[in-house]
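Okay, so the sequence shown: first residue is 139 according to the numbering used here, each after it adds one.
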Amino acid sequence: LEPRAQKTARAMVQVLKAAGVKFAVLGEMESCTGDSARRAGNEYLFYEMALVNIETLNEVNPPRIVATCPHCFHTLGKEYPQFGGNYDVVHHTDFLRELMENGRLKVHANGHSNVTFHDPCYLGRHNNVYDEPRYALQDAIGGGVVEMPRSRNNSFCCGAGGAQFWKEEEHGSARVNLVRYSEAKATGAETLAVGCPFCMRMFADASQDEAIQGGPEVKDVVEIIAESLGLDY
139 LEPRAQKTAR
149 AMVQVLKAAG
159 VKFAVLGEME
169 SCTGDSARRA
179 GNEYLFYEMA
189 LVNIETLNEV
199 NPPRIVATCP
209 HCFHTLGKEY
219 PQFGGNYDVV
229 HHTDFLRELM
239 ENGRLKVHAN
249 GHSNVTFHDP
259 CYLGRHNNVY
269 DEPRYALQDA
279 IGGGVVEMPR
289 SRNNSFCCGA
299 GGAQFWKEEE
309 HGSARVNLVR
319 YSEAKATGAE
329 TLAVGCPFCM
339 RMFADASQDE
349 AIQGGPEVKD
359 VVEIIAESLG
369 LDY
């Protein structure tokens, strides 16, 4: 429902088509995994949402699920099995890296030569996926990724984790997304690559703050790859 996440989804669709991948979407049958409900402590709501999704997914019986959200990736793959939902789930940056290695995606350096990457908490620390998004980015930009001092398992949260995304702002303390976005700006990178819709929203908001001028443009990894393929999304 979030416009920025829709743009990421459109980019992913175009890239999958370019790679000749057969895929399907649930459309109106798809609903939230319940991740935020569980992080906020509403276990009953999470349970109800999980059961509805598991019933749908078991009926569809997908051979693989590609998630553009690390929270969905984690919840579907690590938490649904206890309720009878056992699926092969992969984060989209990992899947994109596979397509590149298999030669199904032939990317070309797209001018994003100065890129830094933010490790989402539920992709990195919770699931130990660090290298895959970087490999995908390196192929797309034709060079290495500029690392922030706090990266990989020492990465700093965007500020949305633990259902904080839905809380009212706590005044009197530094805003986490501004702190992290400032770290990205300090690298001198022109683009801040992300792999999470929550991180995207937090950093997009931070980039508009009057206290930070001239910071990097925020893009999902798949958007950078789509541009390297000359795709419109």
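Glycine included, C-beta positions come from ideal geometry on N, C-alpha and C. Treat the numbers as computed from the prediction; the structure is a model and nothing was measured.
Quiz item: What do you reckon, are the CB atoms on residue 253 and residue 284 nearer than 8 Å?
Solution: With respect to the 8 Å criterion, residue 253 and residue 284 are classified as neighbours on the basis of their beta carbons.
Exercise. Would you mind sorting residue 164 into buried or exposed? The rule is 16 or more other CB atoms within 10 Å of its CB.
Key: Exposed, since its Cβ has fewer than 16 Cβ neighbours within 10 Å.
Practice problem: Following the continuous alpha helix (DSSP H) through residue 234, name the residue where it begins and the one where it ends. | Solution: 230 to 239 is the extent of the alpha helix (DSSP H) around residue 234.
Quiz item: residue 355 bridges to which residues according to DSSP?
Solution: 329
Quiz prompt | Nearest-angstrom beta carbon gap, residue 208 and residue 287 [assumed within contact, 8 Å] | solution = For a cut-off of 8 Å, the C-beta gap from residue 287 to residue 208 is around 22 Å, too long to register as a contact.
Exercise. Say yes only if the C-beta of residue 331 is nearer than 7 Å to one or more non-hydrogen atoms of the ligand SAH, and no if none qualify.
Key: You won't find the ligand SAH in this model; it holds no ligand whatsoever.
Exercise. Could you tell me which residues DSSP puts in a beta bridge with residue 205?
Key: DSSP, once it has assigned bridges, lists 229 as partnering residue 205.
Quiz item: I think residue 260 touches residue 211, with their Cβ atoms under 8 Å apart; what is that distance to the nearest whole Å?
Solution: 7 Å
Exercise. My understanding is that residue 274 touches residue 231, with C-beta atoms under 8 Å, so please give their C-beta distance in whole angstroms.
Key: 5 Å
Quiz item: Does the beta-carbon distance from residue 296 to residue 315 come in below 8 Å?
Solution: yes
Quiz prompt | Residues near residue 170 in its chain [Cβ-Cβ closer than 8 Å; skip 5 each side] | solution = 187
Practice problem: Would you please state the rounded distance, in angstroms, between the beta carbons of residue 298 and residue 243? I believe it to be under 8 Å. | Solution: Actually they are not in contact, since the Cβ atoms of residue 298 and residue 243 sit about 29 Å apart, beyond 8 Å.
Self-check item: Opening and closing residue of the beta strand (DSSP E) in which residue 254 lies
Solution: 253 to 255
Quiz item: So, using beta-carbon positions, are residue 245 and residue 363 closer together than 8 Å?
Solution: With contacts defined by Cβ atoms closer than 8 Å, residue 245 and residue 363 form a contacting pair.
Quiz item: How many angstroms separate the CA atom of residue 289 from the CA atom of residue 329?
Solution: 16 Å
Quiz item: Among 159, 213, 194, 197, which residue has its Cα nearest to the Cα of residue 184?
Solution: 213
Quiz item: By the 10 Å Cβ neighbour count, where 16 or more other Cβ atoms means buried, how is residue 142 classified, buried or exposed?
Solution: exposed
Self-check item: Identity of the residues DSSP links to residue 151 by a beta bridge
Solution: Paired residue(s): none; residue 151 is not in a bridge.
Quiz item: What span of residues does the alpha helix (DSSP H) with residue 316 cover, start to end?
Solution: Residue range 314 to 324 is occupied by the alpha helix (DSSP H) that includes residue 316.
Quiz item: Smallest Cα separation from residue 270: which of 353, 326, 235?
Solution: 235
Self-check item: When 355, 237, 313, 251 are compared against residue 380, the one with the closest alpha-carbon
Solution: Absent from the structure is residue 380, since the part of the chain shown begins at 139 and ends at 371.
Quiz item: How big is the Cα-Cα spacing for residue 216 and residue 178?
Solution: 18 Å
Self-check item: CB contact flag (residue 168, residue 339, <8 Å)
Solution: no
Quiz item: When DSSP labels each residue in this structure, what does residue 267 get in the three-state scheme?
Solution: In the structure shown, residue 267 falls within a coil segment according to DSSP collapsed to helix, strand and coil.
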